[in-house]
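Novice: Got a structure for you, written out below as structure tokens; questions coming shortly.
Residue numbers (this note's numbering), protein chains in the order written: chain A, 1 to 361; chain B, 1001 to 1361.
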């Protein structure tokens, strides 16, 4: 157990935006929410997964929807408690702690704000080890934990419990509600026992986010060293460096979808990278050839500060570095690839691990 | 109190389709559901509103969606009990009886099937005195009763509780779920105390449906007498007689919308009637001039048998009579007209009562 203070939260927000792989929301917005909550209620306890009881119940809370909408439709503040309380009442479980559903600038912060306001601990794990756009793209789903009963609410006070026959139906029903609620909504889902967390959680991700965030914070002191350390702790690859020359982005069925086009410089002169997105960066094509494929992570960061650049804010002219990180082993199983591999998103490629593709060059 | 047997149910289904004003679902389908349920569980008790206790709780159940979809997507049978049980659990109220939300071939039958399978009574009232397409178009809404918490489910077993800040948000969220569930869904909503029913229910509508249904059943013996009696018990008007020459009909945002065009014969030779629909018949224009406007009822019936013809089955070539009935006084208030009058549906007319328009000819 350790306490998360303001400094930890700043670093977690930055690192989470990195692992958000373009999605998971804007870290500036997320940070403000969490900082305000701990300013009001004091620091949050972070528990290692090994410290929780098998029989206790925990529940993640998150913001669902298009990140571009999320930025203009800031939560009122009582949504997190409402989804948690409603789900607790509906399931009959007292939730003794919370944890992030995904790593992301907003969605790593939502549970911290919730933990602060309810005075409960945060568990050092999540359900993706990155961000993904759909509700069934969760390691808990791969492990057989039900996504529902889940609760969804908006800033106006409308709310609903959703209980479905599988996680894909939860995604479908929650998605149409999210769109109707204006494009973003707050959800609590995958209520889980300690035993289920031990089996399915991506352990230590909050701490890993913090470590990466700390290195990004200090990158101005020695950018090359910071980058090398980030690649080391994430087991990652620097795959591109260049200038954004075009961003096609639209909101479609409640998602941000599009294509980020980058022309290379430095070691990548005369090369072109295209990053296809659905909330997250999903597929990187170098000179038209796949270089990184979902579920592996594609991280676009500022070329100088190494600050993560999320899909809803990336713009023409931005100078960026592009990194890639192997996904957690659970995402690389047959079930993981079926759930969140390239074909699920309509890309006509068989999944191949980033380390293989990078080696081929 | 009296018992509803097979014969009553047949007549109620027919009369309810008449009051459904084109909507509320197909009486043949509705009848089958209710008859099967009483065959299995015995007859259903019908209670007069005066017989219920103020402090008891009751809840309507209904099928929501486009009637054209409903016909091809027949409920599996356990949906009614599921919505009722879930809403009972969520609200903490034991529902001692049920009642129809609206008059309609299906939606007057759903509560009978439910009452039979749960062994609870049906209350002789509804919340419209007709059918309307949206969830806030209910006398209970006009009287300040909350539409939610409500429960929605599909035949696959997906379900949700919806709790909103007002009935229009309930309509919006339940509508997108209905569309996502395939275009029709089963709902339980407007949970009400006996006192709320006494204040807001349209009393005696089940019995009135039965009376009209009985006259339609016997219409072949003396059609003119049956018609005269129907007009008498409903305080109605015969406004047109003719042949359907065109039906424009499409499914839009989960509703059947369209225009039924009828060329007159007999007393209406050389006249033309156009009936605009959104699930229900909403506006009748004779030679381009309004003759009946929602919330007043427009009933299209077979010219010979007087059997109601609902919007999802009406076809080119059908010979019909068109009747009109004044809406319940609550629909003719400012709030009622704002909720379900012509302007709400996008028709550029101020509401005028059918009896005035008919008099002007």
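C-beta: ideal position from N, C-alpha, C; glycine also.
Is the Cβ of residue 146(A) closer than 8 Å to any Cβ of chain B?
Specialist: no
Novice: Tell me, please, whether the CB atom of residue 134(A) is closer than 8 Å to any CB atom in chain B?
Specialist: Not closer than 8 Å to any Cβ of chain B, the Cβ of residue 134(A) fails to qualify, so no.
Novice: Would you kindly work out how many angstroms separate the C-alpha atoms of residue 1325(B) and residue 1340(B), rounded to a whole number?
Specialist: 15 Å
Novice: Please list, in chain order, all residues of the same chain as residue 349(A) whose beta carbon is under 7 Å from its beta carbon, the five residues on each side excluded.
Specialist: 290, 293, 342
Novice: What three-state label does DSSP hand residue 1263(B) in the structure shown?
Specialist: strand
Novice: Would you kindly work out how many angstroms separate the C-alpha atoms of residue 1049(B) and residue 1099(B), rounded to a whole number?
Specialist: 10 Å
Novice: Which residues bound the beta strand (DSSP E) around residue 61(A)?
Specialist: 61-65
Novice: Check whether the Cβ of residue 173(A) lies closer than 8 Å to any Cβ atom in chain B.
Specialist: yes
Novice: Taking the DSSP output, what are the residues bridged to residue 256(A)?
Specialist: DSSP output for residue 256(A) lists 251(A) as bridge partner(s).
Novice: Mark residue 316(A) as exposed unless 16 or more other C-beta atoms lie within 10 angstroms of its C-beta, in which case mark it buried.
Specialist: Of the residues assessed, residue 316(A) falls on the exposed side of the cut-off, its CB having fewer than 16 other CB atoms within 10 angstroms.
Novice: Mind checking residue 148(A): buried by the 16 CB within 10 Å criterion, or exposed?
Specialist: buried
Novice: Check whether the Cβ of residue 176(A) lies closer than 8 Å to any Cβ atom in chain B.
Specialist: yes
Novice: For residue 1333(B), count the other beta carbons within 10 Å of its own beta carbon; 16 or more makes it buried, fewer makes it exposed. Which is it?
Specialist: exposed
Novice: With distance defined between alpha-carbon atoms, name the residue in 263(A), 216(A), 55(A) nearest to residue 18(A).
Specialist: 216(A)
Novice: Taking the CB atoms as reference points, tell me whether residue 150(A) and residue 188(A) lie closer together than 8 Å.
Specialist: yes
Novice: Residues in the region 97-108 of chain A with C-beta within 8 Å of chain B's C-beta atoms, listed in sequence order?
Specialist: none
Novice: Residue 1117(B) lies in the alpha helix (DSSP H); which residues open and close that run?
Specialist: 1110-1118
Novice: Given a cut-off of 8 Å on the beta-carbon distance, is the pair residue 1281(B) and residue 1300(B) in contact?
Specialist: yes
Novice: Which stretch, first to last residue, makes up the alpha helix (DSSP H) that contains residue 1027(B)?
Specialist: Residues 1027-1041.
Novice: What number of angstroms, rounded off, separates the C-alpha of residue 168(A) from the C-alpha of residue 127(A)?
Specialist: 16 Å
Novice: Would you check if the region 1271-1285 of chain B and the region 1012-1027 of chain B touch, i.e. whether three or more CB-CB distances between them fall below 8 Å?
Specialist: yes
Novice: Using a C-beta to C-beta distance shorter than 7 Å, which residues of chain A count as neighbours of residue 1161(B)?
Specialist: 160, 161
Novice: Have a look at the DSSP bridge pairing and note the partners of residue 278(A).
Specialist: 257(A), 280(A)
Novice: Ends of the beta strand (DSSP E) at residue 95(A)?
Specialist: Start and end: 95-97.
Novice: Run through chain B and tell me which residues come within less than 7 Å of residue 180(A), C-beta to C-beta.
Specialist: Contact note: residue 180(A) reaches chain B through 1172, 1173, 1176, using a C-beta cutoff of 7 Å and chain order.
Novice: For residue 136(A), which residues in the same chain have their Cβ closer than 6 Å to its Cβ, ignoring the five residues on either side in sequence?
Specialist: Contacts found: 167, 168, 171.
Novice: Going by DSSP, what residue range makes up the beta strand (DSSP E) through residue 184(A)?
Specialist: Its beta strand (DSSP E) spans residues 184-188.
Novice: How many angstroms separate the CA atom of residue 1040(B) from the CA atom of residue 84(A)?
Specialist: 42 Å
Novice: So which residues on chain B does residue 165(A) lean against when the C-beta distance must stay under 8 Å?
Specialist: 1156, 1157, 1158
Novice: Under 9 Å between beta-carbons, which chain B residues line up against residue 331(A)? List them in chain order, please.
Specialist: In chain order: nothing, as chain B lies at least about 27 Å away.
Novice: State whether the region 75-89 of chain A contacts the region 208-226 of chain A, with contact taken as three or more CB pairs (one from each stretch) at a distance under 8 Å.
Specialist: no
Novice: Have a look at residue 253(A) and residue 180(A) and give me their C-alpha separation to the nearest angstrom.
Specialist: 11 Å
Novice: Taking residue 1009(B) as part of the alpha helix (DSSP H), name the residues at either end of that continuous run.
Specialist: 1006-1019
Novice: In three-state terms, what does DSSP make of residue 315(A)?
Specialist: coil
Novice: Under DSSP, the alpha helix (DSSP H) around residue 229(A) begins and ends at which residues?
Specialist: 223-234
Novice: Using only the alpha-carbon positions, how far apart do residue 1258(B) and residue 1176(B) sit?
Specialist: 20 Å
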